[in-house]
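Engineer:
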Amino acid sequence: MTLFALSRRDLAVFAVFAVVVLAMPFWLQPLGAAYPALMQKFVISAIFAIGFNILFGLTGYLSFGHAAFLGVGSYTAVWSFKLLTMDAIPAIFFAVLVSGLFALVIGYLSLRRSGIYFSILTLAFAQMCYNLAYSVLTPITNGETSLQLTLSDPRLIDTALAPRPAGLPSASLFGHSFSGLEGFYFCAVVLLIAFFVTQKIFASPFGMMLRAIKSNQTRMTYTGFNTRPYTLTAFVISGMFAGLAGALFAITDPLAGTERMQWTASGEVVLMTILGGVGTLIGPVIGAWFIEYFENIFSAFNESVVHAFFSFLPAEIADPVALVASKFVGEGWQLTLGLLFVLVVVFLPGGIMEGVRRIGSLFGRRGTPVSPGAARAQPAE
Amino acid sequence: MARSDQNIVLHVDDVSKNLGGLQALSDIDFAVEEGTTHAIIGPNGAGKSTLLNVIVGRLPPTRGAVVFDGTVLTGKQPYEINQLGVARVFQTPEIFPELSVLQNVMTPAFAKRDGAFRINIFRTVDSEAEIRDEAEAILEDVGLSTRLASHAGSLSRGDKRRMELAMCLIQHPRLLLLDEPTAGMSRHDTNTTIDLLKKIKARGMTKVIIEHDMHVVFSLADRISVLSGGKIIAEGTPDEVRGSAKVQEAYLGGAHRLEAH
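First to last, the protein sequences are chains P and R. Mapping of the first sequence onto the numbering used here: position 375 corresponds to residue 620, and the numbering continues sequentially without gaps. Mapping of the second sequence onto the numbering used here: position 160 corresponds to residue 496, and the numbering continues sequentially without gaps.
(1) Please list, in chain order, all residues of the same chain as R/Ala471 whose beta carbon is under 8 Å from its beta carbon, the five residues on each side excluded.
(2) If you count every other CB in all the chains shown that lies within 10 Å of the CB of R/Asn380, and 16 or more means buried, which is it?
(3) Apply the 10 Å Cβ neighbour rule to P/His311 and answer buried if 16 or more other Cβ atoms are within range, or exposed otherwise.
(4) Do R/Glu434 and P/Ser460 count as a contact pair if the criterion is CB distance below 8 Å?
(5) In terms of residues, what are the limits of the alpha helix (DSSP H) holding R/Glu470?
(6) My output table needs one value for P/Ala625: the three-state DSSP class, helix, strand or coil.
(7) With a cut-off of 8 Å, does the C-beta of R/Met503 fall near any C-beta of chain P?
(8) Contact criterion: CB-CB distance below 8 Å. Does R/Leu388 meet it with respect to chain P?
(9) Are there 16 or more other CB atoms within 10 angstroms of the CB of P/Phe447, so buried, or fewer, so exposed?
(10) Can you tell me where the beta strand (DSSP E) holding R/Asp515 begins and where it ends?
(11) Quick check: the Cα distance between P/Ile402 and P/Thr330, rounded to an integer number of angstroms?
(12) Alpha carbon to alpha carbon, how far is P/Val587 from P/Ile597? Give it in angstroms, no decimals.
(13) Compute the Euclidean distance between the alpha carbons of R/Gly357 and R/Val351, then round it to the nearest angstrom.
(14) Cβ of R/Leu513 within 8 Å of Cβ of R/Ile391?
(15) In the segment 514-525 of chain P, which residues sit with their C-beta less than 8 Å from some C-beta in chain R, listed in chain order?
(16) Roughly how many angstroms lie between the CA atoms of P/Met465 and R/Arg449, to the nearest whole one?
(17) Judging by CA-CA distance, which residue of R/Ala367, R/Phe453, R/Ser362, R/Ala360 is the nearest neighbour of P/Phe470?
(18) What are the uninterrupted segments assigned as alpha helix (DSSP H) that are 4 or more residues long and contained completely in the segment 552-594 of chain P, given in chain order?
(19) Put R/His508 into one of helix, strand or coil per three-state DSSP.
(20) Below 8 Å CB to CB, which residues in the same chain sit around P/Gly521 once its five sequence neighbours on both sides are set aside?
(21) Whole angstroms is fine: what's the gap from P/Phe543's alpha carbon to R/Thr428's?
(22) Please determine, among P/Pro565, P/Gly583, P/Pro594, P/Ile482, the residue with the shortest C-alpha to C-alpha distance to P/Ile292.
(23) Please confirm if R/Gln419 has its CB atom under 8 Å from at least one CB of chain P.
(24) In chain order, what residues of the segment 430-449 of chain P put their CB closer than 7 Å to some CB of chain R?
(25) Within the 8 Å Cβ cut-off, does R/Gln427 reach chain P?
(26) Which residue marks the beginning of the alpha helix (DSSP H) containing P/Phe259, and which one marks its end?
(27) Within 8 Å (strictly less), CB to CB, does R/Val461 reach chain P?
(28) Using the Cβ count rule (16 or more neighbours within 10 Å means buried), how would you classify R/Gly579?
(29) On the DSSP letters alone, give me the boundaries of the alpha helix (DSSP H) that R/Thr386 sits inside.
(30) Just grab the DSSP bridge partners of R/Arg399 for me.
(31) Does the distance from the CB of P/Ala510 to the CB of P/Tyr320 come in under 8 Å?
(32) Can you look up P/Ser391 in the DSSP assignment and give me helix, strand or coil?
(33) Give a yes or no on whether 8 Å exceeds the smallest Cβ distance from R/Thr410 to chain P.
(34) With distances taken Cα to Cα, identify the nearest neighbour of P/Pro281 among P/Gly428, P/Trp324, P/Ser415, P/Ile385.
(35) Cβ closer than 8 Å: which chain R residues qualify as neighbours of P/Leu251?
(36) Could you check whether the Cβ of R/Arg497 sits closer than 8 Å to any Cβ belonging to chain P?
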């Protein structure tokens, strides 16, 4: 089966990744982050980031407008809930389809330029989408009050199959409503599928073409490749990943607001990817988890937590240390994240993954001879 | 010309190119026969690179046309021209520095096999044994078989050029265009490159070489066009060109006189 074929190394990576993702409720416990709502965020952001990396990491085109596709995915999913059914599958299907269509149009226009002009174009389109959602398209998006489920939604398929429930329903899968950890595991399985698809793209000739476009577009054209459809395909795929992430946000919480499309959300996925390691498989996932952790846990630390942490020091030292340290947690969490980002970009341009690789090579893996048959060089990992 | 038209692979048909008021090429007309090596020589600024750029579609000619194998190339995109069977080696090697040497050479083979665009995500690069074997064989030919897994960007300039040549050869082009293939090379590297190009010639590949190194030109070319001031001032076999008083006077003598100023 070539459809599922991957190298042994990639399969091993997938297996380890699957264990790590599925075991999140256990290893996040000591980190204080093992509650379903947050773990769902971890998993969904990871999907958003690996999709973004297919465009940015492989082709080098830096989009500053991917939040638009995330938002489109959320709105589409909520409309699927409202009009058809609370089932997750149609919601995901339509969200991916519609965000893919948006990506096709925006990508077709933006990819006529490269470099900073491409980035600006995507940012402009995303801001247009945001403003449309905020004002002009309020009948569809419900503006700043956010698009929500109501008791009077038609839900044609659901009401045809069963009597209307009393309250507002929640998202379900084949008639089974998600509760607690089930929502997380559903998202986790979707992440694993998305990760596998990404692995296939990375290992495929198509993925090699995208890397070659990033490396030298002139050579690609003189080598007989029409590069525009390649970059457009990458753009649409990454837009669909973003739409998928948007749909999952809506599934875990059936609500779609404009803030999901704001430019800060587009910037955040860029940070996740760079922090973790552009062009690597795992990097964007780690970057996404890192930033989500900071945003949700680190920001909740207050001064008393810091004091408790430094309580082993004598009081004269502990107080000033805790005072300074407390500025970097709680409301100051972005200060720490910013510093971290600067340190990574300056000292580890390949992101956290480069740090991991450097540590790995310290322990002598460098000496492994590369057999010609396995000479699939890893330029970006 | 007494040659039969059937064997003509490339016909540069009365091409002129005006670059911002400068007449870079005027009335260039020559034909390249199948399996031969045609050299274009001339001093700097004679219009050699402009001519090559017109042939590969990077610059549209102001007048005239370039006909390859019965197809007019004028107005076609570089990738379309490559798909017709024209490969090009650049003056400064155009390679994929971030990919491995093997991947650099495999990539053009996909363009040849799958066309200008194909979403091929069901197979893995590793499972494309046929293409990998061919790439390895060609890298062996150009003397890079020990560098398969190296980053292409880390190769020496001479090795990069050899690899770029391999990238063209794997496509089995009907016409290979070489822009100063030995520029910036040591005498030793130049000689190995000449041997390599002779080896390709034995395979019957048609080549157009732009070069100012006379040693290279006279070792390889079947026919030579001498370009000066955007015009072809002489054309013929190496012996004819070498013996031509007109060339001596207009090209070599002229160049020397200019330098003497």
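We put the CB at the ideal spot given by N, CA and C, even for glycine. All figures in this text were calculated on a predicted structure; none of them were measured in a lab.
Structural biologist: If we stick to the structure as given:
(1) Correct list, in chain order: Leu438, Val441, Met442, Ala445, Ala502, Ile506.
(2) Looking at its Cβ environment, which holds fewer than 16 other Cβ atoms inside 10 Å, R/Asn380 is exposed.
(3) buried
(4) yes
(5) 465-477
(6) The predicted model places P/Ala625 with a pLDDT of 37, which falls under 50 and marks its position as unreliable; any figure quoted below should be read in that light. Three-state result, P/Ala625: coil.
(7) yes
(8) no
(9) Answer is buried; the Cβ neighbour count reaches 16.
(10) It spans 511-515 - the beta strand (DSSP E) in which R/Asp515 sits, taken as one unbroken run.
(11) 5 Å
(12) 12 Å
(13) 16 Å
(14) The answer is yes: Cβ separation under 8 Å.
(15) none
(16) 15 Å
(17) The shortest C-alpha to C-alpha distance from P/Phe470 to any of R/Ala367, R/Phe453, R/Ser362, R/Ala360 is the one to R/Phe453.
(18) 560-571, 578-592
(19) coil
(20) Result list for P/Gly521: Ala294, Ile527, Gly528, Pro529, Val530, Ile531, Gly532, Ala533, Phe535, Gly596, Ile597, Met598, in chain order.
(21) 51 Å
(22) P/Ile482
(23) yes
(24) Lys445, Ile446, Ala448, Ser449
(25) no
(26) That run of the alpha helix (DSSP H) goes 253-267.
(27) yes
(28) exposed
(29) 384-391
(30) R/Ser352
(31) no
(32) coil
(33) For R/Thr410, the closest Cβ of chain P is not nearer than 8 Å.
(34) P/Gly428
(35) Chain R residues near P/Leu251: Thr460.
(36) no
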